[in-house]
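Working notes, structure below.
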Amino acid sequence: IGRYYASEEYISHSNTRKGFVASAYQRVRAHALRKKVDLVKRLQPKGRVLDVGCGTGEFLAELKQNQYLVQGVEPEVKAREQAIANHALSVLPKLQLVEAREQFQVITLWHVLEHLHDLRGSMKQLFARTAEDGVLMIAVPDRGSWDSDHYGENWAAYDVPRHLWHFRQQDVRRLLHEHGFELMESRRMPFDAFYIAILSERYRGHSLPVALVLALLKGAWSNLVALTTGRPTSSTLYIARKVRV
Numbered sequence: 008i009g010r011y012y013a014s015e016e017y018i019s020h021s022n023t024r025k026g027f028v029a030s031a032y033q034r035v036r037a038h039a040l041r042k043k044v045d046l047v048k049r050l051q052p053k054g055r056v057l058d059v060g061c062g063t064g065e066f067l068a069e070l071k072q073n074q075y076l077v078q079g080v081e082p083e084v085k086a087r088e089q090a091i092a093n094h095a096l097s098v099l100p101k102l103q104l105v106e107a108r109e110q111f112q113v114i115t116l117w118h119v120l121e122h123l124h125d126l127r128g129s130m131k132q133l134f135a136r137t138a139e140d141g142v143l144m145i146a147v148p149d150r151g152s153w154d155s156d157h158y159g160e161n162w163a164a165y166d167v168p169r170h171l172w173h174f175r176q177q178d179v180r181r182l183l184h185e186h187g188f189e190l191m192e193s194r195r196m197p198f199d200a201f202y203i204a205i206l207s208e209r210y211r212g213h214s215l216p217v218a219l220v221l222a223l224l225k226g227a228w229s230n231l232v233a234l235t236t237g238r239p240t241s242s243t244l245y246i247a248r249k250v251r252v
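Going letter by letter, the sequence shown gives residues 8 to 252 in the numbering used here.
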């Protein structure tokens with residue numbers, strides 16, 4: 008399955024700005040990066056952070072500049088090499104290679120859980136590496152969103168074959184509870200609706216200009232539905248604390 012991650016179209020594992028979609032993605036990612044770092048600082052002002060699926064390492068690099076001790080995990084070779092070369096980070100290819108005795112105050116998975124082949128085994132490993140009262144942050148696409156229903160099989164967040172799991176909120180809550188974590192809060196991720204809508208409209212066969220216009224309208228509508236009805240947005244961030252030792 009690794010060849011699907013090496014695709015030039017898989018821009019989350021690159022820093023390319025070629026083309027409008029990639030350029031817009033990188034701009035939004037930079038904004039989201041600042042918000043992620045601010046959130047970590049609010050939850051844990053200092054300590055050790057493990058980012059599973061760290062990609063090219065920008066999130067960890069920013070945390071490192073803020074005096075956190077950081078460790079990355081990234082299986083994709085080129086992304087891992089970029090993270091090490093560009094940011095002098097420690098990045099391992101597998102979660103299993105992170106010593107279980109190493110305890111982290113914060114562990115993050117930004118759109119990674121849905122890629123894991125051994126879901127429950129990985130959750131056990133995450134639990135073992137989370138410090139007592141440590142925080143686990145998981146962001147995943149939400150198949151309970153309006154845009155999931157609207158696009159059906161063309162919903163880009165299904166991302167077959169890279170995405171192996173597709174979650175609703177109750178699924179993630181159950182998974183956390185079963186593996187020793189207590190959900191503290193869940194947050195909407197409104198920017199994701201626009202990006203997913205662009206890709207979904209392209210899957211429907213629309214040209215890029217048409218896809219952009221439709222995505223702007225439908226992304227906004229998906230977020231409005233979430234605000235007015237309580238439905239989730241295209242993606243949801245879950246923040247949980249380790250409670251069972």
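All C-beta atoms, glycine included, are put in the ideal place defined by N, C-alpha and C. All values reported here derive from a predicted model rather than from experimental measurement.
Quick test of your reading: residue i and residue j, contact by CB under 8 Å. State the CB separation rounded to the nearest angstrom.
i	j	result
M130	H213	Contact flag wrong, Cβ pair sits at about 38 Å.
A57	Q78	In the sequence under discussion, the amino acid at residue 57 is Leu, which differs from the Ala named in the question. L57 to Q78, Cβ: 5 Å. Contact.
G62	E81	6 Å
G64	L116	About 15 Å; that fails the 8 Å criterion.
D156	S241	Rounded, the Cβ-Cβ distance is 11 Å, inconsistent with contact.
L67	H94	7 Å
Quick one: Cα of residue i to Cα of residue j, how far?
i	j	result
A138	L224	43 Å
P197	E69	22 Å
Q74	P216	43 Å
V232	R195	12 Å
S207	W153	13 Å
V250	L133	13 Å
E192	Q89	33 Å
A92	R248	33 Å
Y210	Q110	42 Å
R181	H170	19 Å
L123	R41	26 Å
Y17	A218	At Y17 the pLDDT is 40, less than 50, meaning the model places this residue with poor confidence; the figure from the coordinates comes in the next sentence. Cα-Cα distance, rounded: 18 Å.
L143	N161	31 Å
I205	S229	13 Å
I145	V220	30 Å
I203	A163	6 Å
A107	A37	31 Å
In the DSSP assignment, find the beta strand (DSSP E) that holds residue i and state where it starts and stops.
i	result
S242	242–249
D148	According to the sequence provided, residue 148 is Pro. The question's Asp does not apply to it. That run of the beta strand (DSSP E) goes 137–148.
L190	188–195
D154	Looking at the DSSP string, D154 is not in any beta strand (DSSP E); the run it does join, the alpha helix (DSSP H), is 153–158.
V59	55–59
Are residue i and residue j closer than 8 Å when you measure CB to CB?
i	j	result
G141	V179	no
E121	V147	yes
R200	G226	Checking the displayed sequence, the identity of residue 200 turns out to be Ala instead of Arg. Yes; because the gap between Cβ atoms is below 8 Å, this pair is in contact.
G136	V167	Sequence check: residue 136 is Arg here, not Gly. No, the pair does not count as a contact, with Cβ atoms beyond the cut-off.
Q176	P239	yes
G60	V98	no
W172	L126	yes
Just to confirm, does residue i get its C-beta within under 7 Å of one of the non-hydrogen atoms of the ligand ZN?
i	result
V119	Of the ligands one can find in the structure shown there are none, so the ligand ZN has no counterpart to examine.
In the DSSP assignment, the alpha helix (DSSP H) including residue i goes from what residue to what residue?
i	result
Q176	176–185
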